[in-house]
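Quick note: the sequence shown uses the UniProt record's numbering, first residue 1, plus one each step. The structure appears below as structure tokens.
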Amino acid sequence: MLPFQLITTSVATQQGLRQVYMSEHGILYQGDCLKLLSALPDESVDIVFADPPFNLGKEYGEGVSDHMEIDKYLAWSQLWLCESIRVLKPGGSLFIFNLPKWCIDYGAYLNKQGMWFRHWIACRMPKAFPRGKKMSPAHYGLLYYTKGEPAVFNKVYTPIQVCRHCGGEVRDYGGHRKKLNEKGINLMDVWDEPEDVWEDAAEASINEVLWTLTEEVWTDIPPVRHRQHKKRVPNELAPIMLERIIAMASNPGQIVVDPFGGAGTTFYAAEKLHRYWIGSEIGNIDPAVERLSQLANGITEQWESARGNKKLKPQKKTGSQLSLPYLTQ
Ligand SMILES: C[S@@+](CC[C@H](N)C(=O)[O-])C[C@H]1O[C@@H](n2cnc3c(N)ncnc32)[C@H](O)[C@@H]1O
Numbered sequence: 001m002l003p004f005q006l007i008t009t010s011v012a013t014q015q016g017l018r019q020v021y022m023s024e025h026g027i028l029y030q031g032d033c034l035k036l037l038s039a040l041p042d043e044s045v046d047i048v049f050a051d052p053p054f055n056l057g058k059e060y061g062e063g064v065s066d067h068m069e070i071d072k073y074l075a076w077s078q079l080w081l082c083e084s085i086r087v088l089k090p091g092g093s094l095f096i097f098n099l100p101k102w103c104i105d106y107g108a109y110l111n112k113q114g115m116w117f118r119h120w121i122a123c124r125m126p127k128a129f130p131r132g133k134k135m136s137p138a139h140y141g142l143l144y145y146t147k148g149e150p151a152v153f154n155k156v157y158t159p160i161q162v163c164r165h166c167g168g169e170v171r172d173y174g175g176h177r178k179k180l181n182e183k184g185i186n187l188m189d190v191w192d193e194p195e196d197v198w199e200d201a202a203e204a205s206i207n208e209v210l211w212t213l214t215e216e217v218w219t220d221i222p223p224v225r226h227r228q229h230k231k232r233v234p235n236e237l238a239p240i241m242l243e244r245i246i247a248m249a250s251n252p253g254q255i256v257v258d259p260f261g262g263a264g265t266t267f268y269a270a271e272k273l274h275r276y277w278i279g280s281e282i283g284n285i286d287p288a289v290e291r292l293s294q295l296a297n298g299i300t301e302q303w304e305s306a307r308g309n310k311k312l313k314p315q316k317k318t319g320s321q322l323s324l325p326y327l328t329q
């Protein structure tokens, strides 16, 4: 049995889960996430990532309510949070993406359950409008908890923020610019061999896009709004966000669960990063299945890596061949 086949067909059928897609790395079920989670054994998975409906009255299709009484929404959330904790291995990671308003309650609940708070990652949300007597909302919360001491924490590096008009660095690093870490400036992207991308900080030009250890504020996650990129009418996340989460908190061969699969962004990222995955989606599963089938046929999404230019170590020139110092992803 492959590690992701934690649920036997008979248990899935008993629970009313319908298997709609399977690859070498994962299985997608159509059905209620509580059924999926309750079918999983205790301490069996490495990451749970949850992007539940935000209770904003959005239309997710038949049988999905996104307009509950506050108490009901929180009580329902506690059910899947409690199950998520149960299925996580010791040291496993729980990520929950939601409005700050709900993240506060989630955090209080998780603290009481003995989960370890790691970070509240603020994902910048451009172009949101204020409602009533409020400031303009500018971020979503991404809660990051672990079940005790984290088992895996890979350092992930992201580009230093630059001005989209002039290309200049937004922050003044002063004399520290060349000392962002002991090896110099790390240009490592999460799926590269480190030796390909380290370079001597002293040689870095002021015009390069530099990379540094990921911070708690993510400003480079694009909203998925354009028809060209959207897989479905309801909302979905950009793959770059899931790639970063999965790369940070797991290693290849480990298991990622997403109870609210939507358009399958988590499964897509897990496939690309060679993690096993299990997921459920109660609504329309066609967009996720189509996307995963395309990936299986070698079709990847070109827009997803809003990471700027990635600098590779210049290769040695041979004859008239010139090196290619920048590679745009
Ligand atoms: C915010 S969306 C998730 C989007 C997803 N992260 C993506 O990138 O495509 C929430 C999803 O949860 C699904 N959903 C709502 N209630 C559910 C339940 N009880 N079990 C499984 N899925 C559910 C909705 O149909 C919706 O597609």
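Where a beta carbon is used, it is the ideal one built from N, C-alpha and C, also for glycine.
Buried versus exposed, by CB contacts within 10 Å (16 or more), residue i
{"i": "Phe129", "result": "exposed"}
{"i": "Phe117", "result": "exposed"}
{"i": "Leu79", "result": "exposed"}
{"i": "Gly264", "result": "buried"}
{"i": "Leu37", "result": "buried"}
{"i": "Lys35", "result": "buried"}
{"i": "Lys134", "result": "exposed"}
{"i": "Thr158", "result": "buried"}
{"i": "Arg171", "result": "exposed"}
{"i": "Pro194", "result": "Caution is warranted here: a pLDDT of 41 is assigned to Pro194, below 50, making its placement in the model unreliable, and no coordinate value can be reported."}
{"i": "Gln14", "result": "exposed"}
{"i": "Pro252", "result": "exposed"}
{"i": "Thr8", "result": "exposed"}
{"i": "Gly308", "result": "Residue confidence is low: Gly308 scores 38 on pLDDT, short of 50, so the model does not pin down where it sits. No coordinate-derived value is stated."}
{"i": "Asp42", "result": "exposed"}
{"i": "Leu2", "result": "exposed"}
Any non-hydrogen atom of ligand 1 closer than 7 angstroms to residue i Cβ
{"i": "Phe95", "result": "no"}
{"i": "Leu237", "result": "yes"}
{"i": "Pro223", "result": "no"}
{"i": "residue 332", "result": "Because the chain spans 1 through 329 in this model, residue 332 falls outside it and cannot be assessed."}
{"i": "Ser84", "result": "no"}
{"i": "residue 332", "result": "Nothing can be reported for residue 332: it is not among the residues displayed for the chain, which extend from 1 to 329."}
{"i": "Pro53", "result": "yes"}
{"i": "Cys103", "result": "no"}
{"i": "Ala122", "result": "no"}
{"i": "Ala270", "result": "no"}
{"i": "Pro259", "result": "yes"}
{"i": "Glu301", "result": "no"}
{"i": "Cys166", "result": "no"}
{"i": "Val64", "result": "yes"}
{"i": "Ile285", "result": "no"}
{"i": "Ile7", "result": "no"}
{"i": "Tyr73", "result": "no"}
{"i": "Gly141", "result": "no"}
Proximity test, Cβ basis, 8 angstroms: residue i and chain C
{"i": "Leu143", "result": "Although the question refers to chain C, the structure presented lacks it and comprises just one protein chain."}
Cβ pair residue i, residue j closer than 8 angstroms
{"i": "Glu243", "j": "Leu273", "result": "yes"}
{"i": "Glu59", "j": "Pro223", "result": "no"}
{"i": "Leu28", "j": "Ile285", "result": "yes"}
{"i": "Trp277", "j": "Ile121", "result": "no"}
{"i": "Leu99", "j": "Ser84", "result": "no"}
{"i": "Ala39", "j": "Ala75", "result": "no"}
{"i": "Gly107", "j": "Thr146", "result": "no"}
{"i": "Gly279", "j": "Gly261", "result": "yes"}
{"i": "His25", "j": "Glu271", "result": "yes"}
{"i": "Gly141", "j": "Cys103", "result": "yes"}
{"i": "Asp66", "j": "Asn55", "result": "yes"}
{"i": "residue 330", "j": "Ser250", "result": "An answer regarding residue 330 cannot be provided, because it is not within the stretch 1 to 329 covered by the chain."}
{"i": "Phe49", "j": "Ile255", "result": "no"}
{"i": "residue 330", "j": "Ala288", "result": "The structure shown does not extend to residue 330, since the chain is modelled only from 1 through 329, so no value can be given for it."}
{"i": "Pro53", "j": "Val64", "result": "yes"}
{"i": "Lys155", "j": "Leu213", "result": "yes"}
{"i": "Gln30", "j": "Glu290", "result": "no"}
{"i": "Gly16", "j": "Gly283", "result": "no"}
Residue i Cβ short of 7 angstroms to ligand 2 heavy atom set
{"i": "Glu69", "result": "Ligand 2 is not part of the structure shown, which contains ligand 1 as its ligands."}
If we require 3 or more residues per run, which beta strand (DSSP E) segments fall completely within the region 91 to 156?
116 to 124, 139 to 146
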